[in-house]
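Colleague: Please see the structure below; I have some questions.
Residue numbers (the working numbering): 243 to 525.
Here you go:
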């Protein structure tokens, strides 16, 4: 961390102000210079590696990139559909699970226990394993009237896994609302469920928006797992193109597509976290 210049304390006020104004610019230039030096050194190490020409041909072929990118972007629409459908289901189901787990009283113990078991099980299981079990197991039963489309069961698997995680985020938000909020609502004549719906849940949801976005960034990336059950999405398309041309550049193109989508979401999450921290410190 670069602190104020100790020599500026003895300067006249105008010169002191100019020195303080120059400090942020100096910090920016130091950061830029150190970044250029670091990545420049890293680039020199990579391009001077013995097998760099081979790796460059296999992973950074411009012709393969241009040929693969349009098809990959088109296949990415399958990932987007999967993500959007699962996200809507997760937002609703996770809130239901969180609310049920927050219900007090012995009468609700059976459903609380059931939801607890569900959360524990699906947080313990790897998402890829759940996709395999549902994507191959349910269609394999050949139950009349039950769909066998792997896209459907991949969506169900991701929904089950991420609902377990997101419900804990919701529950933390609900528990962060001070009990006096519910007590005040009850004193105004609202029932327990009305207080939960109109007072507690709106405050809880606002508080958990940044961690929810983090979970959905993970969900967006995990949509590539559905390729394991035969869904032709962006990663499966990259595998097909790689096998056809014996070149790994389609994987690089896939990474570029995900970076273009994921980095803005990550920056939005950071901005929301910083905004909430600023609001909290100003209170």
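Just so you know, even glycine gets a beta-carbon here, dropped at the ideal spot from N, CA and C.
All values derive from a computational prediction rather than experimental measurement.
DSSP on residue 468, reduced to helix/strand/coil?
Modeller: helix
Colleague: In whole angstroms, what separates the C-alpha of residue 526 from that of residue 318?
Modeller: Outside the displayed span of the chain (243 to 525) sits residue 526, for which this structure offers no information.
Colleague: If we call anything under 8 angstroms between Cβ atoms a contact, is residue 416 one with residue 395?
Modeller: no
Colleague: Judging by CA-CA distance, which residue of 508, 469, 419 is the nearest neighbour of residue 374?
Modeller: 469
Colleague: Measuring CB atoms only, is the stretch 299-313 touching the stretch 483-493, in the sense that at least three cross pairs come out at less than 8 angstroms?
Modeller: yes
Colleague: Based on Cα-Cα distance, which residue from 447, 363, 419, 459 lies nearest to residue 399?
Modeller: The candidate whose alpha carbon is nearest that of residue 399 is 363.
Colleague: Going by beta carbon distance, what residues of the same chain come within less than 8 angstroms of residue 511, once the five residues before and after it are set aside?
Modeller: 452, 455, 456, 459
Colleague: Determine, using beta carbons only, whether residue 335 and residue 401 come nearer to each other than 8 angstroms.
Modeller: Yes, Cβ-Cβ distance for residue 335 and residue 401 is below 8 angstroms.
Colleague: Indicate the three-state DSSP secondary structure (helix, strand or coil) for residue 419 in the structure shown.
Modeller: coil
Colleague: Would you say residue 484 and residue 325 are within 8 angstroms of each other, going by their C-beta atoms?
Modeller: no
Colleague: In three-state terms, what does DSSP make of residue 327?
Modeller: If DSSP states are grouped into helix, strand and coil, residue 327 belongs with the helices.
Colleague: How many Å lie between residue 477 and residue 411 at the Cα?
Modeller: 29 angstroms
Colleague: Measuring straight from C-alpha to C-alpha, what distance separates residue 290 and residue 282?
Modeller: 12 angstroms
Colleague: Output yes or no for whether 8 angstroms exceeds the beta carbon distance between residue 480 and residue 496.
Modeller: yes
Colleague: Which ranges would you report for the alpha helix (DSSP H) in the stretch 440-488 if only whole runs of at least 4 residues count?
Modeller: 443-449, 451-464, 476-487
Colleague: With a threshold of 7 angstroms, establish whether the CB of residue 383 neighbours any heavy atom of the ligand SAM.
Modeller: This structure does not include the ligand SAM; it has no bound ligands of any sort.
Colleague: Under DSSP, the alpha helix (DSSP H) around residue 382 begins and ends at which residues?
Modeller: Counting along the chain, the alpha helix (DSSP H) containing residue 382 begins and ends at 369-383.
Colleague: Could you have a look at residue 391 and say whether DSSP puts it in helix, strand or coil?
Modeller: DSSP places residue 391 in coil when its eight states are reduced to three.
Colleague: If you compare alpha carbons, which of 340, 422, 370 is closest to residue 361?
Modeller: 340
Colleague: Is it buried or exposed for residue 508, if we count other Cβ within 10 angstroms and need 16 for buried?
Modeller: It is exposed - the Cβ of residue 508 has fewer than 16 other Cβ atoms within 10 Å.
Colleague: Where do the ends of the alpha helix (DSSP H) carrying residue 295 lie?
Modeller: Counting along the chain, the alpha helix (DSSP H) containing residue 295 begins and ends at 294-301.
Colleague: Tell me whether residue 386 sits in a helix, a strand or coil according to DSSP, three-state version.
Modeller: coil
Colleague: Check residue 433 in the structure and name its three-state DSSP category.
Modeller: coil
Colleague: Which one of 407, 505, 385 has the shortest CA to CA distance from residue 366?
Modeller: 407
Colleague: Quick one: what's got a C-beta closer than 6 angstroms to residue 392's C-beta in the same chain, skipping five residues either side?
Modeller: Scanning its chain for C-beta atoms nearer than 6 angstroms, with the 5 sequence neighbours on each side dropped, one finds around residue 392 the residues 377, 471, 472, 473, in chain order.
Colleague: Secondary structure at residue 345, three-state DSSP: helix, strand or coil?
Modeller: coil
Colleague: Could you check if residue 210 is buried or exposed, using at least 16 other CB atoms within 10 Å of its CB as the buried criterion?
Modeller: The question about residue 210 has no answer, for the chain in this structure spans 243 to 525.
Colleague: Identify, in the order they occur along the chain, each residue of the same chain with its Cβ nearer than 8 angstroms to the Cβ of residue 313, setting aside the five sequence neighbours on each side.
Modeller: Residues of the same chain with a CB within less than 8 angstroms of the CB of residue 313, apart from the 5 flanking positions on each side, are 479, 483 in chain order.
Colleague: Could you tell me the distance, in whole angstroms, from the CA atom of residue 445 to the CA atom of residue 382?
Modeller: Their backbone Cα atoms lie some 44 angstroms apart in a straight line.
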